[in-house]
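According to our numbering, the sequence shown holds residues 18 to 526 in order.
Here a beta-carbon is modelled for each residue, glycine too, at the ideal position from N, C-alpha and C.
All figures in this text were calculated on a predicted structure; none of them were measured in a lab.
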Amino acid sequence: MDRREFLKLAASVSAGAVLPVADRALGASASAPADSAARGRPNFLFIVCDDLNQALGCYGNSVVKTPNIDRLAARGVRFERAHCNYPLCLPSRHSFLTGLRPDARFELHKPLRESIPDVEYLPQYLREQGYFTARIGKAFHTASIFTENGSYEDAACWDLSESGVTRDNPDGYGTLYASIPRGVKEHPELSELVAFRDLLNNTGNCPGDYWIERAGLKLDDAQTVDGNICGIARQVLTTHADEKRPFFVLAGFRRPHEIWAAPEKYFQMYSTDEMKLPEEPPGHDKLVPEIAFTRRAPNMTDAQRKMAVQSYYACVSSVDHQIGLLLDEMDRLNLWDNTFVVLTADHGYHLGEHGMWGKVSLFQESAKVPLIIAGPGIKAGVCPATVESVDLFPTLVALAGLNRSQKVDGVSLVPQLENPQAPHGPAFSVVRHKMSWGKAIYTEDWRYTEWGDNASAGAELYDLKNDPKEYKNLANDPAFAGRRAELKALLAPKMTNLRDSDPRDTAEG
Ligand SMILES: [Ca+2]
Numbered sequence: 018m019d020r021r022e023f024l025k026l027a028a029s030v031s032a033g034a035v036l037p038v039a040d041r042a043l044g045a046s047a048s049a050p051a052d053s054a055a056r057g058r059p060n061f062l063f064i065v066c067d068d069l070n071q072a073l074g075c076y077g078n079s080v081v082k083t084p085n086i087d088r089l090a091a092r093g094v095r096f097e098r099a100h101c102n103y104p105l106c107l108p109s110r111h112s113f114l115t116g117l118r119p120d121a122r123f124e125l126h127k128p129l130r131e132s133i134p135d136v137e138y139l140p141q142y143l144r145e146q147g148y149f150t151a152r153i154g155k156a157f158h159t160a161s162i163f164t165e166n167g168s169y170e171d172a173a174c175w176d177l178s179e180s181g182v183t184r185d186n187p188d189g190y191g192t193l194y195a196s197i198p199r200g201v202k203e204h205p206e207l208s209e210l211v212a213f214r215d216l217l218n219n220t221g222n223c224p225g226d227y228w229i230e231r232a233g234l235k236l237d238d239a240q241t242v243d244g245n246i247c248g249i250a251r252q253v254l255t256t257h258a259d260e261k262r263p264f265f266v267l268a269g270f271r272r273p274h275e276i277w278a279a280p281e282k283y284f285q286m287y288s289t290d291e292m293k294l295p296e297e298p299p300g301h302d303k304l305v306p307e308i309a310f311t312r313r314a315p316n317m318t319d320a321q322r323k324m325a326v327q328s329y330y331a332c333v334s335s336v337d338h339q340i341g342l343l344l345d346e347m348d349r350l351n352l353w354d355n356t357f358v359v360l361t362a363d364h365g366y367h368l369g370e371h372g373m374w375g376k377v378s379l380f381q382e383s384a385k386v387p388l389i390i391a392g393p394g395i396k397a398g399v400c401p402a403t404v405e406s407v408d409l410f411p412t413l414v415a416l417a418g419l420n421r422s423q424k425v426d427g428v429s430l431v432p433q434l435e436n437p438q439a440p441h442g443p444a445f446s447v448v449r450h451k452m453s454w455g456k457a458i459y460t461e462d463w464r465y466t467e468w469g470d471n472a473s474a475g476a477e478l479y480d481l482k483n484d485p486k487e488y489k490n491l492a493n494d495p496a497f498a499g500r501r502a503e504l505k506a507l508l509a510p511k512m513t514n515l516r517d518s519d520p521r522d523t524a525e526g
C-alpha cells in the first residue's frame, strides 16, 4: 500500500484524526539527518508479551481477567488466526523483527546478525528513517535479570535500550527462586513458592525441559520487573509525546513467561476450583507422531494442573495491569490520533492441551499468538483471516507511509485494518524437534505439518472447521489424500532451506 492509499484508509474512517499529524509546537527533538523527513509520520507503541497465548477475555476465555487487553481490542482490529513463525522466543522475535520466516540461519542461541551480517531489523529501519527508537525490557532476548551477559539486543536498532532489570526482584526471565541465585530463604518478598520442576518428565522432544515454578510476591506492581519496564516506557512516552521526531517504543514484558511470579493479589483473583482443564478424547494422541509433542507432564495431578493454570492466569492478569497503565498513558497524552499500538507475543503456551505445558509445539495453543492493532483510522473489528508475525514488519512500514524496497516474507495487514474481512494467509510456522524440522501450514480451515524431510518422521492433518482442537490426525486417512497433497504443495516452496541435515542447535531457549 502506498502513502496515498494509506491516507485514504485513515481519512475514510476518522476525518480530523488522520495522518500526517501537524507538527507539534513543543519539544525540539535531537537533530538527526532524517528528522525532517520523519516529521508527521505516526508513532508506534509495540507491546510484546512473553509466552502469552490466546487465552484472553477478548479471545473468548471466560475465566481469565484481562480487562485492559480487552479494552485495546475494543478499539482496534483483533486477529483471530495470528501465528508466530517459530514457537520459541529468539527465533520468533528475530523473525517478526526482520519480516523473514525462520530458516537454518535463525539459530536458537545466537544473534541473527552473526548469520546475516547485513540483516535489517524493523526498529533499525525506522531509526534510519528518522524515528526515535526505544527498547524497554525484552525485545530480542535477555539472558537474566541479574546480568546483561548474553543480551541479544542489537545496537543498530535503538536510541534508548533499557533491560528493565531490577536487582532487588528476581522474578525476571531465567531466574529460579528454588535454586539460583540466592535460594528461597533469602527472599523475604515471597509469599509462597511452589516448584513443579520434578513433575515434568524429560521425555519431551526439546532437551531443555526446564522449570515450572510459581511464586506469589509481597511486592507492589511497580516493584516487579514488568512494573519497572512499564514505568520506563511511560516516561519515554511522556518525554517524546510532543517531539517532532516520531517514536517507535517497544515495551517487552516478561510475563507470563515462567517463572510464574506476580504480586500475590493476582493469584487471589482466581480460585483453583474454577480452573478448567482440557477435556480430551482418550487416545486421540495415538494417531499423532510422537515427535510432535514436547514438554509433557504425565505425573501432575489434576490439582497441580489447576494450580498451574491459575498461576499462568495470575501472571497474565499481572501483565494486563501493566498494559492498562500504558493505555492510560496513551489517553493522558492524547496520543491516539497519531500513534499505532500493536500488542502481540512471541508465541503461545500450552496449558495442558495434548498433555503439554509449554511452547515449541506446532499445535495452535503454542503456534498462535494474540495480535491487536489499534490507532488512527482503524475501526474496531475482528479479522478471521490467517496471518503471521512476519506480516508486522511490512504492516508498520505501510502505516508509517514509507516505501521499503527490500523483500520480506510477510505481507502488509493494512487491508485487514481497513476491512477485517479482507482475505490473507496462509501462515507458516516451523520448529526443530530433536533431529527433525516440523513444518506447518495453517489456513482458516486446515493445518498440515510435516516432520523431517518429505514427512519422513511423520505428518499431521487437522480439519480445523470440524476438529478445532486438533484431536483427529487425518494425515494417513486415504479420504483426505487430496487435501494433504494440496496443502503440501503450498508448504513445500516455503521450506526450501530447512533440511534435517542442518547442524542446528536444538536446545530450548
Ligand atoms: Ca517467549
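Taking all protein chains shown into account, do 16 or more other C-beta atoms lie within 10 angstroms of the C-beta of Gly-77, making it buried, or fewer, making it exposed? exposed
Nearest-angstrom Cα distance between Leu-434 and Pro-134? When the Cα atoms are used, Leu-434 and Pro-134 turn out to be separated by approximately 33 Å.
Asn-102, enclosing beta strand (DSSP E) - first and last residue: Careful: Asn-102 lies outside any beta strand (DSSP E) and carries neither H nor E.
Is it buried or exposed, Asn-85, if we count other Cβ atoms within 10 angstroms and call 16 or more buried? buried
Sort out for me which residues DSSP pairs Tyr-169 with in a bridge. Paired residues: none, contrary to the question.
Just tell me which of Arg-98, His-158, Arg-322, Leu-125 has its CA closest to the CA of Glu-296. Arg-322
Report yes if the CB atom of Pro-280 is closer than 8 Å to the CB atom of Asp-237, and no otherwise. yes
I'd like to confirm something about Cys-75: is its beta-carbon nearer than 7 Å to some heavy atom of ligand 3, or not? Only ligand 1 can be found as ligands here, which leaves ligand 3 out of the picture.
With Ala-391 and Arg-98 assumed to form a contact (beta carbons below 8 Å), what rounded beta-carbon distance in angstroms separates them? That pair is no contact at about 18 Å.
Quickly, what does DSSP pair His-367 with across the bridge? List them, please. Gly-375
Burial state of Asp-68 (16 or more Cβ within 10 Å): Looking at its Cβ environment, which holds 16 or more other Cβ atoms inside 10 Å, Asp-68 is buried.
Check for me: the beta strand (DSSP E) holding Pro-411 runs from which residue to which? No beta strand (DSSP E) holds Pro-411; the alpha helix (DSSP H) holding it covers 409 to 416.
Applying the 10 Å Cβ sphere with the 16-neighbour rule, what's the burial state of Asp-171? The Cβ neighbour count for Asp-171, taken over all protein chains shown within 10 Å, is at least 16; the residue is labelled buried.
With H, G and I counted as helix, E and B as strand and the rest as coil, what does DSSP make of Lys-303? helix
Below 7 Å, is the gap between the Cβ of Asp-68 and the nearest heavy atom of ligand 1? Yes; taking the cut-off as 7 Å, the Cβ of Asp-68 has a heavy atom of ligand 1 nearer than that.
Counting only runs that start and end within the segment 239 to 278, where is the beta strand (DSSP E) found for 3 or more residues in a row? Taking only runs of at least 3 residues, the beta strand (DSSP E) segments lying wholly in the segment 239 to 278 are 264 to 269.
Return the residue from the list Ala-331, Pro-119, Ser-383 that minimises the CA-CA distance to His-367. Closest option to His-367, Cα to Cα, is Ser-383.
Do you know how far the Cα of Val-65 is from the Cα of Lys-131? Before going on, a small fix: residue 131 reads as Glu here, not Lys. Rounded to whole angstroms, Glu-131 to Val-65 spans 24 Å at the Cα level.
Alpha carbon to alpha carbon, how far is Lys-486 from Ser-208? Give it in angstroms, no decimals. A direct Cα-to-Cα measurement between Ser-208 and Lys-486 gives close to 36 Å.
May I ask which residues mark the beginning and end of the beta strand (DSSP E) holding Cys-106? Here Cys-106 belongs to no beta strand (DSSP E); instead the alpha helix (DSSP H) covers 106 to 115.
To which residues of the same chain is Phe-380 closer than 8 Å at the C-beta, ignoring the five residues directly before and after it? Ala-309, His-367, Glu-370, His-371, Met-373, Glu-487
Proximity winner among Ala-90, Lys-82, Ser-79, relative to Pro-387 (alpha-carbon distances): Ala-90
Look at the alpha carbon of Leu-507 and the alpha carbon of Arg-464, and state the distance between them as a whole number of angstroms. 12 Å
For Gly-365, count neighbouring Cβ atoms within 10 angstroms of its own Cβ and tell me buried if that reaches 16, exposed if not. buried
Cα-Cα separation between Asp-40 and Ile-389, rounded to whole angstroms: Annotation note: pLDDT 26 at Asp-40 (below 50); position unreliable, coordinate value reported separately. C-alpha separation (whole angstroms): 27 Å.
Just to confirm the assignment, what range does the beta strand (DSSP E) spanning Pro-401 have? From DSSP, the beta strand (DSSP E) with Pro-401 extends over 398 to 405.
Since Pro-104 and Ser-378 are thought to touch, with beta carbons under 8 Å apart, how far apart are those beta carbons, to the nearest angstrom? 6 Å
Distance CB(Asp-363)-CB(Ser-109) smaller than 8 Å: The Cβ-Cβ distance between Asp-363 and Ser-109 falls below 8 Å.
Once DSSP output is grouped into helix, strand and coil, what is the label at Val-505? The sequence given here places Lys at residue 505; Val does not occur at that position. Three-state result, Lys-505: helix.
CB-CB length for Leu-177 against Ala-156, believed under 8 Å: Not confirmed; about 11 Å, so no contact.
Status (buried if at least 16 other CB within 10 Å, exposed otherwise) for Arg-349: exposed
Whether Phe-410 touches Phe-264 by CB criterion (8 Å): Contact flag unset, no.
Is any non-hydrogen atom of ligand 1 found closer than 7 Å to the C-beta of Asp-363, if you look at the structure I gave you? Yes, the beta carbon of Asp-363 sits closer than 7 Å to at least one heavy atom of ligand 1.
Count the other CB atoms, across all protein chains shown, that sit within 10 Å of the CB of Thr-255; report buried if there are 16 or more and exposed otherwise. If you draw a 10 Å sphere on the C-beta of Thr-255, you find fewer than 16 other C-beta atoms in it, and that means exposed.
Once you ignore the five residues that flank Asp-120 on each side, which residues in its own chain have a CB closer than 7 Å to its CB? Asn-514, Leu-515
Would you call the CB atoms of Arg-591 and Ser-335 closer than 8 Å? Summary: the structure shown does not reach residue 591, with the chain confined to residues 18 through 526, and so no result is reported for it.
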